[in-house]
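K.L.:
With the working numbering, letter number 150 in the sequence shown gets 150, and the count goes up by one each step, no holes.
Glycine included, C-beta positions come from ideal geometry on N, C-alpha and C.
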Amino acid sequence: MAANVGLFSYVGDSGIVPDVFLSLNIPGGENWWKHNHRSYLFWEFGKSPDIVIEIVSQTPGNELGSKLTDYAQLRIPYYVVYDPLQKLSETFLHIFQLNGTSYIPKKDAWFADLNLGLTLWNGVFENLNSTWLRWCDVDGNVIKTGDELAVEKDAQISQKDAQIKRVLLLAIDMGLKLKFADEAVEMLSDISAINDVKLLEGIISQIPQISSTDELRKLYTD
């Protein structure tokens, strides 16, 4: 997927620059971005993009006029116009499917041959709470970006660490109370503030060997 990259169907073509396009199963995914001044050359990739998307701004730019004809001439299977400000009509999404040499309206936003769809999603994206046009699966679940997956993974790790910490603190609490009775209360308060799982594991392993609360305190203060 790319944004604001020129599409060229033949050598000498003046090109057209959609707001966004998607082209699946093309070679050289990482290298083409910088190739030939960020241009998508049909003859090099062996195909046209699968979907082009135009986003209507404050001033419409023939999204349902000349661009409809231009993309049809390029034989692009699907053409999507996203009108977030409803400048063209009361419809947010206009979706078209190539039929021969021209487009016909498509009633839904699921592209079965691509196993991919589009949906309007409300939420925080790139630190902005708004309505976004997002890729989705057949059930309408948004396909998460790399950043979203990374945040989700970090949250899962944090949650797992928190669960491990709770188990370790319970073991420490039991061990100290059995060994030091009331003297352990103050230390338990200090130890509960420790987030280092390995340090907590070390404290548990040392409880049977230590003979005083001072020895224990050195384990997490030194």
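1. Who pairs with PHE96 in a beta bridge, going by DSSP?
2. Name the one or two DSSP bridge partners that ILE16 has.
3. Let me check understanding here. Comparing Cα to Cα, which of LEU64, ASN4 and GLU201 lies closest to LYS165?
4. Beta-carbon within less than 7 Å of LEU116's beta-carbon, same chain only, minus the 5 sequence neighbours each way: which residues are those?
5. Considering just the uninterrupted stretch of the beta strand (DSSP E) at GLY123, what are its terminal residues?
6. Residue range of the alpha helix (DSSP H) that ARG134 falls in?
7. For TYR71, collect the residues of the same chain with a Cβ closer than 6 Å to its Cβ; drop the 5 residues on either side in sequence, then sort them by chain order.
8. Let's see if you can read the secondary structure: which residues bound the alpha helix (DSSP H) around LEU41?
9. Please specify which runs of the alpha helix (DSSP H), each continuous and at least 4 residues long, are wholly inside the segment 165-198, giving them in chain order.
10. Taking its Cβ as the centre, do 16 or more other Cβ atoms sit within 10 Å of TYR40, making it buried, or is it exposed?
11. From ASP214 to VAL167, what distance separates their C-alpha atoms?
12. Can you check which of these residues, THR101, LEU118 and LEU149, is closest to ASP137 by C-alpha distance?
P.N.:
With the structure as the only source:
1. Answer is TYR79 and PRO105, bridged to PHE96.
2. As computed with DSSP, ILE16 is found in a beta bridge with LEU7.
3. Closest option to LYS165, Cα to Cα, is GLU201.
4. Hits under 7 Å: TRP135.
5. Boundaries of the beta strand (DSSP E) around GLY123: 116-125.
6. It is not in any alpha helix (DSSP H) - ARG134 instead sits in the beta strand (DSSP E) that spans 128-136.
7. Counting only Cβ-Cβ distances below 6 Å, and skipping sequence neighbours, we find VAL52 and TYR79.
8. Taken as a continuous stretch (DSSP letters only), LEU41 belongs to no alpha helix (DSSP H), being part of the beta strand (DSSP E) at 39-41.
9. Entirely contained in the segment 165-198, the alpha helix (DSSP H) runs reaching 4 residues are, in chain order, 184-191.
10. With 16 or more Cβ atoms within 10 Å of its Cβ, TYR40 is classed as buried.
11. The alpha-carbon atoms of ASP214 and VAL167 are separated by roughly 24 Å.
12. Of the listed residues, the one whose Cα sits closest to ASP137 is LEU118.
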